[in-house]
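Since the structure comes first, as structure tokens, the remarks are kept for the end.
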Amino acid sequence: MDKQKQIIEMFDQIAPTYDSANRILSLGIDVAWRREACKKAFEYFGENKPSVILDVACGTGDMILHWEKNAKKFQKDFGKIIGIDPSSGMLEVAQEKLKNQLKSRKAELLLGEAKNLRGIENQSVDILSIAYGLRNVVDVKEALSEFARVLKKGGVLVVLEFTKKEKENFLDKIAGFYTRNILPLIGGLVSKNYKAYKYLPDSIDGFLTSSMLTQELSKLGIHTRFIKAYSANISTLLIGVKQ
Ligand SMILES: C[S@@+](CC[C@H](N)C(=O)[O-])C[C@H]1O[C@@H](n2cnc3c(N)ncnc32)[C@H](O)[C@@H]1O
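The letter at position 52 of the sequence shown is residue 80 when you use my numbering, and the numbering goes up by one with no holes.
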């Protein structure tokens, strides 16, 4: 089976326990990373009301809930929200969760990969987010050009991703020890799938560094306007604006 199919199948397997494992493993810190991502995206988007937000690799729908919550918090209304993910297992959990928790609107959920955003028209998206999803995308360059295709001029790209270190300092070593040794044990216990949680540190190691990602995006006309690593450099937020 090809690598991309294996990754998607792995998410299908861990989907039922994904949210509980995530809550324990992130110790709730991801809430602040996601809030900051929404806040910065609204800032860079400017005064107008975003009519379409697309969350790629939406998984169980967390980022969709954060868009809604933070739009209220930062008084930024938006039109519709679409989530897309290739794992039907993750989408099933999202469907159920959003039905109960998404208060002000209905999200449209689509099955699909980042490299092929079928059903999303050229230059139709105001804000495109991908949270902890990009490192799972095998054909990352194809995915980034899809993002450039669907984003409107002036549209905002939001990437949240675990940081691949160009050079490790002391704090990075501690964070690295946690993700390489502790996280697979806890994630494995909760999901009964050690392999899936062992995959996380491996996927970070195999991913692009922030400067490589910035370079790739700029070739596509998406200029990085903000990039910052949070919480001992564990998570990086990148905000790009399409020219
Ligand atoms: C770590 S989860 C993150 C989910 C969600 N964005 C969040 O913040 O909780 C990664 C997601 O990427 C999805 N994924 C894997 N391969 C993908 C691909 N080629 N294109 C888009 N999404 C993909 C998985 O199905 C999974 O839902």
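Heads up, the beta-carbon is just placed ideally off N, CA and C, and yes, glycines get one too.
This structure is a prediction, so every number in the text was calculated from the model and none was measured.
At which residues does the alpha helix (DSSP H) containing ARG146 begin and terminate?
That residue, ARG146, is in no alpha helix (DSSP H); it is neither H nor E in DSSP.
To the nearest angstrom, how far is the alpha carbon of MET91 from that of PHE198?
Distance between the alpha carbons of MET91 and PHE198: 31 Å.
Would you check if the distance between the CB atom of VAL153 and the CB atom of VAL84 is smaller than 7 Å?
It is not a contact, given that the beta carbons lie outside the stated cut-off.
Is the beta carbon of GLU149 less than 7 Å from the beta carbon of ILE110?
Cβ distance not < 7 Å, so GLU149 and ILE110 don't count as in contact.
With a CB to CB cut of under 8 Å and the five nearest residues on each side skipped, what residues in its chain are close to TYR258?
The residues are ALA60, TRP61, GLU64, THR264, LEU265.
Use the C-beta contact count for PHE73: other C-beta atoms within 10 angstroms, 16 or more gives buried, fewer gives exposed.
Label assigned to PHE73: buried.
Can VAL153 be considered in contact with ligand 1, in the sense that its beta carbon sits closer than 6 Å to one or more heavy atoms?
Every heavy atom of ligand 1 is 6 Å or more from the Cβ of VAL153, so no.
In whole angstroms, what is the alpha-carbon distance linking LYS220 and SER231?
Answer to the nearest angstrom: the Cα atoms are 19 Å apart.
Between ALA99 and ligand 1, is the CB less than 6 Å from at least one heavy atom?
Result no, Cβ not under 6 Å from ligand 1.
Going by beta carbon distance, what residues of the same chain come within less than 7 Å of VAL165, once the five residues before and after it are set aside?
ALA142, LYS143, ALA171, listed in sequence order.
Rounded to the nearest angstrom, what separates CYS66 and SER132 at their Cα positions?
One C-alpha to the other measures close to 17 Å.
Grab me the residues of LEU145's own chain with a C-beta within less than 6 Å of its C-beta, minus the 5 sequence neighbours each way, in chain order.
Cβ neighbours of LEU145 beyond the five flanking positions: GLU174, VAL178.
Going by Cα to Cα distance, which pick from LEU248, HIS251, LYS134, LYS256 is closest to LYS192?
That would be LYS256, whose Cα lies nearest to the Cα of LYS192.
With a threshold of 6 Å, establish whether the CB of PRO78 neighbours any heavy atom of ligand 1.
It does not: the Cβ of PRO78 is nowhere closer than 6 Å to a heavy atom of ligand 1.
Residues in the same chain with beta-carbon distance under 8 Å from PRO212, minus the five sequence neighbours each way, listed in chain order, please.
Within the same chain, PRO212 has close Cβ partners TYR222, TYR225, LYS226, LEU228, PRO229.
Pick helix, strand or coil for ALA49, following the three-state DSSP scheme.
Helix, per DSSP.
With DSSP collapsed to three states, give me the class of VAL165.
Coil.
Let me know the secondary structure DSSP gives ALA159 once reduced to three states.
Here ALA159 sits in strand by DSSP.
Quick check: is any heavy atom of ligand 1 less than 6 Å from the C-beta of ALA85?
Yes.
If contacts are defined as beta-carbon pairs under 8 Å, then GLY183 and LYS270 qualify, I think. What distance do you get, rounded to the angstrom?
Sure, about 5 Å apart at Cβ, within 8 Å.
Cα separation between ILE214 and PHE106?
Roughly 37 Å between the two C-alpha positions.
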